[in-house]
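> The structure that follows is given in the form of C-alpha cells.
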Amino acid sequence: MIHSADVLRKIKLESKAVQQSIDQARELDRTHPLRIGDLVQRQTDSFVDLAQHYLPNLSHQSMQDAWCEVRAEIGDVLLRKHDHRRQLHAELESTRKQRENLQSNLAIVREQLEHSKLVLGCKVGNVNKLLRDDPVVRNCHQEIAKLDKELDQCLAHLEAANQDANTKLPDYEESFLFQYLREQRFGTSAYQGSGIERRWDRWIAKLVDYKKHKASFDYLCNTPIELKRIVEQKQKRYGELLTHLKDAKQRASRQHGVKKQTKTWDELREKVETIEQAIEDNLWEQCTLEDQIHQLDQINGDYYDQAIAIYQQFLDKQDPDVLRVYAECTKSPRDDEICARLRNISLDIDREREQAKDRFLQIVGLEKYRSVLGEISQRLQVHVLQTVAETILRPDFDLDSLLLDIRRRQLTPDNAWRLLRESMVSPWTAFRENVPANRTRIERPVNRVPTDVEDDWRYSSANGLRPLEASFQAASNFSPVMPAGPRVDTTGVVLLPRLEQDASNQPASFTTLAVCQSKAEAKQVVALLGPSSIVSFVHTHPTKLSAQTDTILPAEFDVVVQTSRYNEAHKLLVHHRIALEREWTCGTCQSEIAQGHGRCWRCGSHRPTSPPKSTSSYRPSSSRHSNRARTN
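So in this note's numbering, the last spot in the sequence shown is 653, and the numbers never skip.
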C-alpha cells in the first residue's frame with residue numbers, strides 16, 4: 022500500500038530536484054553573455070588575423086594585391102598617410118628654422134646682458150668708493166662698531182644684574198626687621214620717630230647693619246632698570262646711524278644711476294630666460310614631430326590599423342563559404358586555417374544561442390512542472406486534513422509514471438488530481454484486501470497503544486459492502502428515483518446524474534444531489550446553491566460495521582436538495598465545474614494559464630473563483646480534525 026506521506030515525500034523530493042535543475046539552467050543563462058562575448062571576441066580576432074594575412078603592410082604593392090572590393094578604401098588610407106607624412110615634414114622644417122632664429126636672438130641678447138652687467142658693476146664700484154671717501158659715512162661706521170661692543174657689554178651686565186636680583190632680593194623681602202625699618206623710612210628725611218622709638222630703631226639698625234644692606238638692596242633694585250634705559254638709548258642711536266647710512270647709499274646710487282642700470286639688467290635677464298624657454302619648447306616639438314614621422318615610417322601604424330579595420334569589416338560581411346573558396350585558391354595554408362577556425366567559432370555561437378533558447382523553454386517547463394507539483398501537494402495535504410480516515414493509494418498505483426506524464430505536460434493539475442483521487446482507497450478496503458475473510462478482528466501486539474484509526478476499522482462489514490458503496494446506496498434510497506452510474510470529479514464530490522422523470526409535482530420531497538467525503542466539501546456545495554434560493558442541506562450517514570458492536574465508520578456527507586429543483590441544482594454545479602476547468606489569465610503577472618491549472622506557474626497566484634472558495638483553501642477548525650492530523 023502507498024500512504025499519502027510517501028506521496029508527499031516523493032513530490033517534495035521531485036520539487037527539490039526540479040528547483041536544482043532550474044538553478045543550474047539559470048546559472049548557465051547568467052554566464053551566457055560572457056560566453057557569447059568571448060566567442061565574438063575570438064571571431065573578431067580571427068577576422069583581424071585574416072585581414073593581416075591578406076594585407077601584411079600598407080604599401081602600394083599590398084594595395085594592388087588586396088581584394089578589389091576594398092582596394093579603393095585602402096588606397097584612400099594610403100593617400101592620407103602620404104599627405105600626413107608631407108605635412109609632418111613641413112612642420113618639422115618650420116620648427117628647425119624657428120629654432121635657428123631663436124638661437125640667433127639668444128646670442129644677441131646674451132651679449133647685451135653681459136655689457137649691461139659690466140656697466141652695472143662699474144656703477145656699483147663708484148658708489149662704494151664714494152661712500153668710503155665720505156667722512157660722515159666713515160664716522161657712522163665707526164660709531165656703529167663702537168655701539169655694537171657697548172650694547173653687547175650692557176646686555177651682558179643686564180643679564181648678570183637680573184640674575185643677582187632674582188637670587189638676593191627674596192632674602193631682603195623675608196627679613197622682618199629690614200622690612201620694618203624700610204616701612205618706617207629710617208635714615209631718610211621722612212622718618213618721624215622720636216624718643217624711645219628713635220633709640221629703639223637706631224639699636225635695630227645697628228643690629229642688622231641696616232645702612233649697608235639698604236645700599237645693597239637699592240643697588241639690586243635700581244641697577245637693572247638703569248641698564249635697560251641705557252640699552253634702549255644705544256639701540257635708538259644705532260637705528261639713527263643705520264638710517265643715515267641708508268640715505269647716503271640712496272643719494273650715491275641716484276647720483277651714479279645704479280637703479281636704472283639694475284632695471285635694464287633685469288629686463289635683459291628675463292628676455293634671455295624667455296628665449297631659452299622658447300628654444301626648449303621648440304626642441305620638444307621637434308622631437309614630437311620626429312617621433313610621429315618615425316611611427317608613420319613603421320610597417321604597422323595607425324593608418325595600417327585603419328586599413329585592417331576596413332578589411333576586417335569587409336571580411337566579416339562575407340559568407341564563410343566564399344572565404345573558404347578564396348582561401349583554397351591561395352598558396353598559403355595560413356588563410357585555410359583561419360577560415361576553418363572562423364567556421365568553428367560561428368558554429369559555437371549558433372549552438373550557444375540555440376542552447377540559450379532551449380534553456381529558456383526548459384526553465385518555463387520546469388517552472389510549470391514545479392507549480393503543478395506544488396498544487397497537487399497542497400491539494401493532497403488539504404485532503405488529508407479534511408478526511409477523517411487515513412488516505413491510502415492502491416498498491417498498483419505508479420507515481421513515477423504520473424510524475425513523468427505531468428512533466429511531459431500530458432496531464433493538467435486537475436487531471437493528475439483526478440487520477441490520484443481515483444487511486445485512493447479507504448483503509449477498510451485496503452484492510453479487506455490484505456486480511457483473510459474468516460478473520461473479523463485484527464491481532465495487534467499487546468504493548469502497542471491502539472489509535473482511533475485502528476479502532477474505527479477493526480471490524481469487517483456484515484453485508485460485504487464497502488463503506489463508500491454503502492453510503493451511495495443509503496443516499497440513493499432517499500430519492501423516489503434510483504440514480505445510477507456516479508463518477509468521481511476533481512474535488513472528490515460524487516455528483517449524481519440528472520433525473521429523467523419530471524419531479525415538479527413533488528415539492529415536498531428531497532433527493533440526494535451529491536455525495537462528499539468531507540463535511541467541508543458538502544458545505545461548499547450548499548453555499549454554491551444558496552444564491553439561487555435552492556433549498557439544500559447536509560445529511561450525514563454513519564455506518565456501523567455490525568449489529569454486535571457500536572464501532573462506526575467515518576461518515577459520508579450527502580447534499581440533499583428539493584426534488585422539484587434537482588435538475589436546476591445539477592445544471593448549476595455542472596456549469597460551475599466547467600467554469601473552473603477553462604483557461605484563465607493571472608491577475609498578478611498577466612500570464613495565460615492553460616486548462617486544468619489552478620495556480621499560476623510564474624507567480625504562484627491561485628485561480629480566481631466565485632464563492633464558495635475551492636477546497637484547496639479550506640482549513641478545518643474542529644478539534645476532531647486537528648487531532649486526526651496530529652495522529653497521521
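We treat Cβ as the ideally placed atom computed from N, Cα and C, and that holds for glycine.
For clarity, every value in this text was computed on a predicted model and none was experimentally measured.
Is L520 helix, strand or coil by DSSP?
It is coil, neither helix nor strand.
> Identify the continuous beta strand (DSSP E) that holds V536 and give its terminal residues.
Element bounds for V536: F531 to C537.
> Tell me the residue span of the alpha helix (DSSP H) that contains K352.
No alpha helix (DSSP H) contains K352, which DSSP labels as neither H nor E.
> Across which residues does DSSP place W605 in a beta bridge pair?
Paired residue(s): I614.
> Hey, quick one: how far does the alpha helix (DSSP H) through C242 stretch, first residue to last?
It spans Y231 to H277 - the alpha helix (DSSP H) in which C242 sits, taken as one unbroken run.
> Can you give me the Cβ contacts of R258 inside the same chain, cut-off strictly under 7 Å, excluding the 5 residues immediately before and after it?
Only L168 meet the Cβ criterion.
> Following the continuous alpha helix (DSSP H) through S115, name the residue where it begins and the one where it ends.
S115 -> alpha helix (DSSP H) spans C89 to D154.
> Expressed to the nearest angstrom, what Euclidean distance is found between the alpha-carbon atoms of R415 and E373?
The straight-line gap from Cα to Cα measures roughly 46 Å.
> Rounded to whole angstroms, what's the CA-CA distance from E164 to K267? Just pull it up for me.
Near 15 Å, if we compare the C-alpha coordinates of K267 and E164.
> Count the other CB atoms within 10 Å of the CB of H81; is the residue buried (16 or more) or exposed (fewer)?
It counts as exposed.
> Tell me which residue opens and which closes the alpha helix (DSSP H) that E35 is part of.
Here the alpha helix (DSSP H) through E35 covers S25 to R51.
> Just how far apart, CA to CA, sit D426 and L394?
Rounded to the nearest angstrom, the two C-alpha atoms are 12 Å apart.
> Out of T309, L76 and E294, state which residue places its alpha-carbon closest to the alpha-carbon of E112.
Comparing Cα positions, the closest option is T309.
> Taking only three categories from DSSP, how would you classify L79?
L79: coil per DSSP, three-state reduction.
> Look at L79 and Y332 and say whether their C-beta atoms are less than 7 Å apart.
Contact flag unset, no.
> Reducing DSSP to helix, strand and coil, say where D173 ends up.
DSSP places D173 in helix when its eight states are reduced to three.
> Beta-carbon separation of D337 and F68 under 7 Å?
Contact: yes.
> Under 7 Å between the Cβ atoms of L241 and L176?
Not in contact: L241 and L176 (Cβ atoms no closer than 7 Å).
> Please state whether DSSP places V556 in a helix, a strand or coil.
Coil.
> Compute the distance between the beta-carbons of E180 and K255, then report whether it is under 7 Å.
No. Outside cutoff.
> According to DSSP, simplified to helix, strand and coil, what is M22?
Reduced to three states, the DSSP call for M22 is coil.
> Residue range of the alpha helix (DSSP H) that Q334 falls in?
Unbroken alpha helix (DSSP H) run through Q334: D323 to K338.
> Tell me, which residues are paired with V446 by DSSP?
According to DSSP, V446 bridges with I413.
> Considering only residues of the same chain and omitting the five flanking positions on each side of I251, which have a CB-CB separation below 8 Å?
Cβ within range, chain order: C175.
> V595: which of I57, R272 and R519 sits nearest, CA to CA?
For V595, the nearest C-alpha among the options comes from R519.
> Would a check of beta-carbon distances place Q163 closer than 7 Å to chain C?
Any reference to chain C falls outside this structure, which holds one protein chain only.
> What is the DSSP secondary structure of Q431, reduced to helix, strand or coil?
Q431: coil per DSSP, three-state reduction.
> Output the boundary residues of the alpha helix (DSSP H) element that contains Q545.
Segment K540 to L550, the alpha helix (DSSP H) holding Q545.
> Since I413 and M22 are thought to touch, with beta carbons under 8 Å apart, how far apart are those beta carbons, to the nearest angstrom?
Indeed they touch by this definition, with Cβ atoms about 5 Å apart.
> Leaving out five residues on either side along the sequence, give the residues of the same chain with a beta carbon under 6 Å from the beta carbon of Q276.
Closer than 6 Å at Cβ, skipping near neighbours: no residue.
> So if DSSP puts H162 in a beta bridge, which residue, or which two residues, is it bridged to?
In the DSSP output, where bridge partners are listed per residue, H162 has none listed.
> Looking only at its own chain, which residues have a Cβ that is under 8 Å from the Cβ of Y587, when we skip the five neighbours before and after it?
Same-chain partners within the cutoff: R519, L520, A524, T532 and L534.
> Do you know how far the Cα of K232 is from the Cα of D239?
Straight-line Cα distance between these residues: approximately 11 Å.
> So, is H404 buried or exposed, given that buried needs 16 or more other C-beta atoms within 10 angstroms?
Buried is the call here.
> Counting pairs of Cβ atoms below 8 Å between the region 357-372 and the region 53-68, do you hit three or more?
Result yes; three or more Cβ-Cβ pairs closer than 8 Å.
> Please classify E291 as buried or exposed, where buried requires at least 16 other C-beta atoms within 10 Å of its C-beta.
That one is exposed.
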